[in-house]
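Report on the following structure.
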Amino acid sequence: MRYPVFLLLLIGPLIFAQSPKPVSHYSEEREKTWVDSIYNNLNFEEKLGQLFMVAAYSNKDAAHVKSVEKLVTDYGVGGLIFFQGGPMRQAKLTNYYQSKAKVPLFMGIDAEWGLSMRLDSTYRYPWNMTLGAVQDLKLIEKMGQQMAIQARRMGLHFNFAPVLDINTNPKNPIIGNRSFGENKENVTKRALALMKGIQSENVYATGKHFPGHGATENDSHYTLPLVNATREQLEDVEFYPYKKLFREGLSSVMVAHLNVPSLEPRPNYPSSISYEVVTNVLKKKLDFDGLIFTDALNMKGASNFKQPGDIDLEAFLAGNDILLFAENVPVAIEKFCQAYNDSILSDDRIEYSVKKILKYKYRIGLNHYKPIDMNNLVKDLNAPEYDDLNYQLYENAVTVLKTTDNELPIGDLENERIAYIKLGDDKNETFLNTLRTYAPVTDIPLDTVPLMLEQLRNYTKVIIGFHKADGAWKKHDFTQKELSMLNLIASNKNVTLTVFAKPYTLLAIDNFNVFRNVVLAYQNNDIAQTVAAEVIFGGIGAKGKLPVSINNAFKVNDGLKTQKINRLSFTTPQNVGMNPAILAKIDKLAQKAIDGKMTPGLQIVVARHGRVFYQKSFGYRDYKNTDKVTNQDVYDLASLTKILSTLPNIMQLYDKKKIDMNTKLGDILPVFANTDKKNITLKDMLTHQARLQPWIPFYQATLDSTKHPSKKYYRYTYSPDFPLQVSENLYLRKDYSDTIVKRIADSKLLPKKEYKYSDFPFIILKDYLEKTNHTTLDVLSDTAFYKPLGSATMTYNPLRKMDMDIIPPTEKDNYFRYTKVQGYVHDMGAAMQDGVAGHAGLFANAIDVAKMMQMYLQKGNYGNHQYFSEKTFDEFNNCAFCKEGNRRGIGFDKPQLGKEGPTCGCVSMTSFGHTGFTGTMAWADPEKDIVYVFLSNRTFPESTVNKLSKENIREDIQKVIYEAITD
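For the sequence shown, our numbering gives the first residue as 661, with consecutive numbering after it.
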């Protein structure tokens, strides 16, 4: 048939509403001058060359580079669309190709979820389907903005996004996760937000795949998909986002290779080469005058229809401006010339599109082209602030579809036994580790269902994670075996199903009634896994809404809001007002400590506003340098025990008015009733001004003449008479704990009432607490605090609960126990009390210490559990004798009053905490809302020289934390 010839009577200057913000100092007159000058200096073939955007790769060989260069130099192609490769390679090629071009080239890329869609070593954002769950559209706009900044850094001018397809067919093989969902309004709102973000940074956005690929059952890369919709349905659904985005300034559109009988009457005629679709519908009916791209012309949906060259001409005659991924530009130009000679193609038609292309080049700044700066390119493309936004996106996306009796978040932990089962074939470590930061969680290996149910018999809750590889086009289906296992386990146990896969994965589940709770995390990456665990335990509340329907079980926009219950959660530094560049100094200080052999290894956790933004481990467990310290390792906390075990129990008794600040020692422990210590008050003891001796080396009195453990007091095996385990093969006789308290009672008081740090108050108070509560301090603290807090690693005598492998050693003892001390308390006096003392003996990892400190910071509340009143906390955090020169709070250490002290000197006077002999520190600051925990085993292999303290490593790290505050 004969094709219509475009007769453009009014070429004039075209003002594109669809452009992003123009380059600075934009002038319509200067634009016209530049466009006309370039156009008039092009010969006919060079004008035709501007219509082509050819494929380029940065992971191919020199022959490919040469072939692209030839298309640039000999045929004057107008642009390149980059596919697979890496940023440095692509940037070098971009600069190279641009240097060879007569007219600066357009550079484009498919970066629907960021450059990582095509390039390695670049940043990856969530899929559009995940964004479909996000209700805060400003976050999606910001994502578009960041993607554009990264694109521009790579010398790119087009991001072929957003996808405007409304995925009404769950079995769609090519769109699926690339769509924002199945609801036209939801898709439009999110696509518009992304478009605004992209174009706000002077990068062109491209809406695709017109007239709508969401209802198809086939992939246009391999065949011509059918869109079996009426014109009215297309108008109502598929065109809806285009109309809206056109009004809001969308720069360009990509036309898909589709068979749309209601628009194009010729059977099996691709929409991308249909005049009816491109010109009559897109340009005339929908009034779009921006740039129009074909989808890639190498795709079988187009290439099966016509040969290279013929398909290009057909697409141009249909009304497209730019021919994407042309397979044979030389042949295509020959076909164009022949069509021109045959009067099928006119000068006006060529001028219309070429000048439009040149105008877009001017507006994007190609009239003043600058090469890509290669310095810090990869670093710039992976800036820390991109993680800030990614966390926010997943926090707003993760969706709770079901929670029976408001079980989520899991609240009371003390009576729960929680198991975890992994299904799927991809990584799950971050999810499991994050779950374990909230509560003890047992990983149950896959087995037959009867055996697994037997293993699960004593567990109150089961969390099942379904983990599939995080690929947009990968299969995320349950196997039949997995579906059967899910149904049987959920029918017998309280199950929370957490799916780290596309929402359509849930279509295979027939009965959701068997599940107590259902959480959809959409993708299987570290951030999604972290956020899902936080939602389950209330570190954050769920906000996401389902972007597609799941049979009759769940509808679009289903999603329950759950409560945040003031437990610690995780985020990035900038999300809590901290500068990551400054925080990097912490790593250097930590490494300084390792390199200087101040400690073999260490853990650091820092939280602000209830959110952990720094959690790292450094070094090794000992100087063999074979076992690296992990975040799960459990350290001897030394004197942190005072404020993490003894003190909170005292605060609870105070809160219940069973004791007060003036309670006298002789009244609570008869052993002191007839001594010179009987009138010592609780307040004086806890502020270290009770005139008590700092320390007695109790162990020395139990050694024989050779300075080894005396047989009078010790045995090398357990017996009822020698039950107090001091080390692996050393047991003390059962009455010696009373001897310790009696020796304190008989000790001399110091001559003057003034601040003098002493272990004695906490040894004494441990004895009081145990007699008052009729249980040992370890059981008391575990029941009252550690279990409800979910502090699984915080314990006395850790070897009774966990493997020695995760406990760094504290000393090679050559003066008392004559063994490597590992898993047993380092403090000799605590060891002589069966490892359970009021002043030492506690072990934990840094995150569990942070929970206790956060509980204090929240004035006795954590996980919506009030452990003691705010009033009680305030009274204990008071520096009662600051005027007298005593910095101490009631039990807590406080900042120094002069130059020397436990902190950096930069914390507020309301801050509080403690340090420990093994190289530990825990500190919290209400004014800056910061918790800082430092754990180490600086005492290994020998404890007498404290280089860690002399070098002020803990204090200097604290100083860096405060320097990093940005608000």
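Yeah, the Cβ is synthetic: ideal placement off N, Cα and C, and Gly gets one too.
Just so you know, these numbers come straight off a predicted model, no measurement behind them.
inquiry  = Here's a check: name, in chain order, each residue in its chain whose Cβ is nearer than 8 Å to the Cβ of I671, leaving out the five neighbours to either side.
reply    = Reliability of the predicted coordinates at I671 is poor, the pLDDT of 31 falling under 50, and the value obtained from them is presented with this limitation in mind. Taken in chain order, the residues that qualify are D1008, E1011, Y1012 and K1015.
query = Is F676 helix, strand or coil by DSSP?
reply = Caution applies to F676, whose pLDDT of 39 falls short of 50 and renders its modelled position unreliable; the model cannot decide the point.
key: Residue nearest to Q1113 in terms of C-alpha spacing, selected from D696, D1130 and S1151   = Residue identity differs from the one stated: residue 1113 is Leu in this sequence, not Gln. Nearest of D696, D1130 and S1151 to L1113, Cα basis: S1151.
request  = Taking 8 Å as the cut-off, decide whether the C-beta atoms of D1137 and T1165 are in contact.
outcome  = Against a cut-off of 8 Å, the Cβ pair of T1165 and D1137 comes out as a contact.
inquiry  = Whole angstroms are fine: how far does the CA of N837 sit from the CA of S1387?
reply    = S1387 and N837 have their alpha carbons spaced roughly 58 Å apart.
Residue span of the beta strand (DSSP E) that contains T1532, given as start and end = That residue, T1532, is in no beta strand (DSSP E); its alpha helix (DSSP H) goes E1530 to F1536.
ask   = For I1081, which residues of its own chain have a beta-carbon under 6 Å away from its beta-carbon, when the five flanking residues on both sides are left out?
value = I1104 and I1124
query = Just to confirm, are A1497 and K1416 a CB contact at a threshold of 8 Å?
reply = no
query = Taking C-beta to C-beta, are V1567 and A1582 nearer than 8 Å?
reply = no
message = Spatial neighbours of P901 within its chain, please: C-beta separation below 6 Å, excluding the five flanking residues on both sides.
response = L824, V847, T848 and A851
request  = Thinking L856 and E801 are a contact (beta carbons under 8 Å), I'd like their distance in whole angstroms, please.
outcome  = The sequence as given places Lys at residue 856; Leu does not occur at that position. Correct: roughly 5 Å between the Cβ atoms.
task = Quick one: measure Cβ to Cβ for P1468 and P1260, integer angstroms, because I've assumed they're closer than 8 Å.
result = Confirmed, about 7 Å.
query = Closest to Y717 by CA distance: which of Q710, H1127, A1490 and G768 is it?
reply = G768
query = Between the C-alpha atoms of N1035 and D1287, what's the straight-line distance to the nearest angstrom?
reply = 37 Å
request  = Could you tell me the distance, in whole angstroms, from the CA atom of L1270 to the CA atom of I1200?
outcome  = Reading off the sequence, residue 1270 comes out as Gly, not Leu. In a straight line, the C-alpha of G1270 is about 10 Å away from that of I1200.
ask   = Could you give the distance in angstroms between the alpha-carbon of D696 and the alpha-carbon of G738?
value = 16 Å
message = Going by C-alpha to C-alpha distance, which of E994, V1265, S932 and L942 sits closest to E974?
response = S932
task = Determine, using beta carbons only, whether E877 and A808 come nearer to each other than 8 Å.
result = Not a contact, by the Cβ cut-off of 8 Å.
ask   = Where do the N-terminal and C-terminal ends of the alpha helix (DSSP H) with R1614 fall, by residue?
value = Counting along the chain, the unbroken alpha helix (DSSP H) around R1614 starts and ends at I1613 to E1623.
inquiry  = Between K1343, I1017 and Y1475, which has its C-alpha nearest N1538's C-alpha?
reply    = Relative to the Cα of N1538, the nearest Cα in the group K1343, I1017 and Y1475 belongs to K1343.
key: Contact set for L753: own chain, Cβ-Cβ below 6 Å, skip 5 residues either direction   = The answer, listed in chain order, is S718.
inquiry  = Is it buried or exposed, E1602, if we count other Cβ atoms within 10 angstroms and call 16 or more buried?
reply    = exposed
task = Return yes when at least one heavy atom of the ligand NAP lies under 7 Å from the C-beta of N1285, else no.
result = This structure simply doesn't include the ligand NAP, nor any ligand for that matter.
query = L1608 by DSSP, collapsed to three states: which one?
reply = helix
request  = Using 10 angstroms around the beta-carbon of L1111, count the other beta-carbons present and answer buried if the total reaches 16, otherwise exposed.
outcome  = exposed
ask   = What are the start and end residues of the beta strand (DSSP E) that includes F1503?
value = L1502 to A1504
query = Beta carbon of L918, beta carbon of V887: below 8 Å?
reply = yes
query = When the distance is taken between beta carbons, is N832 closer than 8 Å to V1216?
reply = no
inquiry  = Just to confirm, is the Cβ distance from L1249 to I1613 under 8 Å?
reply    = yes
message = Is the beta carbon of F1358 closer than 8 Å to that of I1424?
response = Going by beta carbons, I1424 and F1358 fall outside the 8 Å limit.
message = My assumption, with CB atoms under 8 Å, is that I1340 sits in contact with A1333. Please give the rounded CB distance.
response = About 12 Å separates the two Cβ atoms, so there is no contact after all.
message = If you follow the alpha helix (DSSP H) that I1423 is in, where does it begin and where does it stop?
response = F1420 to N1433
ask   = Where does the unbroken beta strand (DSSP E) through N1177 begin, and where does it stop?
value = N1177 to L1180
request  = Look at Y1054 and T1232 and say whether their C-beta atoms are less than 8 Å apart.
outcome  = no
query = Using the beta-carbon count (16 or more within 10 Å), is L1106 buried or exposed?
reply = exposed
key: CA nearest to the CA of L1502, picked from V1060, L1297 and G1450   = L1297
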